[in-house]
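Written below as structure tokens is the structure these notes are about.
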DNA sequence: ACAATAGGGATATTCTGTATCCGTAATTAG
DNA sequence: CTAATTACGGATACAGAATATCCCTATTGT
């Protein structure tokens with residue numbers, strides 16, 4: 086069970102977008118170059134963000150993406166679920182119903198106890214992702230990324246942002 | 086990102102094995118019939134448990150599986166990791182290193198901040214699974230499963246346990 | 001008018017999960 | 001001793017998902 090690489094891409098892209106000045110947009114092309122990713126395929130990940138309403142887009146030259154809400158409101162969970170889907174990682178096939186000792190047509194009272202444990206763990210995972218915003222990430226990055234690279238990247242991005 | 090169905094199978098099988106009297110073994114065939122699963126493929130999941138040292142096996146007629154340790158010591162995480170692997174669900178491709186603004190051969194100080202957040206969530210998931218043992222599950226099941234089915238299943242299993 | 005953009009559809013490729021089959025070694029029941 | 005039963009591992013086949021590319025369309029800024 087491994088998350089798609091698109092999740093990583095989308096997270097890094099949102100990290101960049103969260104640093105954009107108000108009202109500016111950054112294109113797929115720029116984001117792909119900055120991260121060394123295949124432009125066409127990265128585009129699919131960004132479209133997922135768009136469909137989830139996490140980013141706003143404009144067409145034409147100088148078009149691209151910006152965050153649809155403040156970085157303080159955008160969480161890791163938002164992005165992960167936009168790309169990976171919001172379904173549970175554990176799917177209960179209800180195999181207890183195959184027990185030959187059960188009367189036919191017997192109706193289960195509630196969800197399987199095994200599934201409930203797995204779903205609680207799932208919720209713990211989601212809860213951890215929900216606690217971290219891109220404002221938090223921005224602070225962390227600013228504190229630990231080499232200042233020369235940080236400002237160099239910022240300039241690079243601004244030069245390409247419409 | 087969905088867990089293999091083998092995880093569900095292995096969990097249910099361990100639930101049954103945890104109810105076996107000391108020293109008795111239950112075969113793949115019995116476990117497959119009880120859960121309505123393909124015997125040959127379920128066998129692969131059980132082999133994973135065996136390789137991880139979670140269960141003990143014997144060959145020959147009346148052979149099969151039993152837990153290698155007490156149900157109070159066997160956790161959900163043990164079983165999930167035995168089947169699914171113990172690797173992280175988020176793999177960091179370190180795409181920050183592709184940043185064209187970085188000097189060539191620049192060496193990163195530590196793990197990527199994005200990855201760290203994802204790994205913390207991963208650990209929250211594992212931590213939740215580590216907290217639940219098969220003794221816990223047994224209590225829950227005994228409390229909520231229809232008593233007639235419960236004892237019927239117990240008899241069914243004992244009749245086939247070597 | 002032209003160029004650049006997001007978006008979506010179609011397609012190909014690779015990898016993983018699912019499933020089955022068979023051979024081997026070990027062990028027990030008769 | 002013989003035959004049946006078991007775990008185990010390897011080989012293979014199949015389906016679906018992830019990865020990746022290509023092309024067409026509509027929109028928008030210069």
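Protein chains in written order, with my numbering: chain A, 86 to 247; chain B, 86 to 247.
From the three backbone atoms N, C-alpha and C, an ideal C-beta is built for every residue, glycine too.
Practice item. Could you name the residues that DSSP lists as bridge partners for residue 150(B)? Key: Answer is 111(B), 142(B), bridged to residue 150(B).
Check your understanding: Listed in chain order, which residues of the segment 162-175 of chain A have Cβ atoms closer than 9 Å to some Cβ of chain B?
Key -> 162, 165, 169, 170, 172, 173, 174, 175
Review point. Does the beta-carbon of residue 93(A) have 16 or more other beta-carbons within 10 angstroms, so that it is buried, or is it exposed?
Key: buried
Review point. Cα separation between residue 195(B) and residue 227(B)?
Key: 48 Å
Practice item. Compare the beta carbon distance of residue 218(B) and residue 144(B) with 8 Å and say whether it is the shorter of the two. Key: no
Check your understanding: What residues of chain B sit near residue 225(A), judged by a beta carbon separation below 9 Å?
Key -> 198, 201, 202
Review point. If you check the beta carbons only, do residue 102(A) and residue 111(A) fall under 8 Å apart?
Key: The Cβ atoms of residue 102(A) and residue 111(A) lie closer than 8 Å to each other.
Point to revise | Backbone CA spacing between residue 188(B) and residue 137(A) [nearest angstrom] | key: 36 Å
Review point. Name the chain B residues whose beta carbon is nearer than 7 Å to that of residue 238(A)?
Key: 184, 186
Review point. Which residues, in order along the segment 115-141 of chain B, keep a beta-carbon less than 9 Å from a beta-carbon of chain A?
Key: From the segment 115-141 of chain B, only 118, 119, 120, 121, 122 have a Cβ closer than 9 Å to chain A.
Check your understanding: Taking the DSSP output, what are the residues bridged to residue 218(A)?
Key -> 160(A)
Exercise for review: Anything in chain B within Cβ reach of residue 178(A), meaning under 7 Å, just list it in chain order.
Suggested key: Here the neighbours are 90, 93.
Practice item. Out of 130(A), 95(A), 198(A), state which residue places its alpha-carbon closest to the alpha-carbon of residue 220(B). Key: 198(A)
Point to revise | Separation of residue 132(B) from residue 151(B), as counted between CA atoms | key: Each residue's Cα considered, the two are about 12 Å apart.
Check your understanding: Do you know how far the Cα of residue 215(A) is from the Cα of residue 231(A)?
Key -> 28 Å
Point to revise | From 242(A), 239(A), 203(A), residue whose alpha carbon lies closest to that of residue 162(B) | key: The residue from 242(A), 239(A), 203(A) with its alpha-carbon nearest to that of residue 162(B) is 203(A).
Review point. Are the C-beta of residue 102(B) and some C-beta of chain A separated by less than 8 Å?
Key: Cβ-Cβ to chain A under 8 Å: no for residue 102(B).
**Study point:** Run of the alpha helix (DSSP H) containing residue 237(B), from where it starts to where it stops
**Key:** 232-245
Review point. Would residue 233(B) be called buried (16 or more neighbouring beta carbons within 10 Å of its own) or exposed?
Key: exposed
Practice item. Could you tell me whether any Cβ in chain A is nearer than 8 Å to the Cβ of residue 105(B)? Key: no
Review point. Using DSSP with H/G/I as helix, E/B as strand and the rest coil, what is residue 126(A)?
Key: helix
Practice item. Could you tell me whether the Cβ of residue 158(B) comes closer than 8 Å to any Cβ of chain A? Key: No Cβ of chain A is located within less than 8 Å of the beta carbon of residue 158(B).
Review point. Less than 8 Å separating the beta-carbons of residue 177(A) and residue 241(B)?
Key: no
Exercise for review: Below 8 Å on the Cβ atoms is my guess for residue 130(A) versus residue 165(A); work out the distance and round it to an integer in Å.
Suggested key: Contact between residue 130(A) and residue 165(A) is absent: CB atoms are separated by about 12 Å, not below the 8 Å threshold.
Review point. Any beta-carbon of chain A closer than 8 Å to the one on residue 96(B)?
Key: Taking Cβ atoms only, chain A reaches closer than 8 Å to residue 96(B), which makes this a yes.
Point to revise | Start and end residues, alpha helix (DSSP H) containing residue 98(A) | key: 90-102
Point to revise | Euclidean distance between Cα positions of residue 206(A) and residue 210(B) | key: Between residue 206(A) and residue 210(B), the C-alpha separation is close to 5 Å.
Practice item. Kindly list the residues whose CB is nearer than 6 Å to the CB of residue 147(A), restricted to its own chain and excluding five residues on each side of it in sequence; keep chain order. Key: 247
**Study point:** Neighbourhood of residue 113(B) by C-beta distance below 8 Å, restricted to the same chain and skipping five residues each side
**Key:** 124, 127, 128, 131, 149, 150
Exercise for review: Identify whether residue 137(A) lies in helix, strand or coil by the three-state DSSP scheme.
Suggested key: coil
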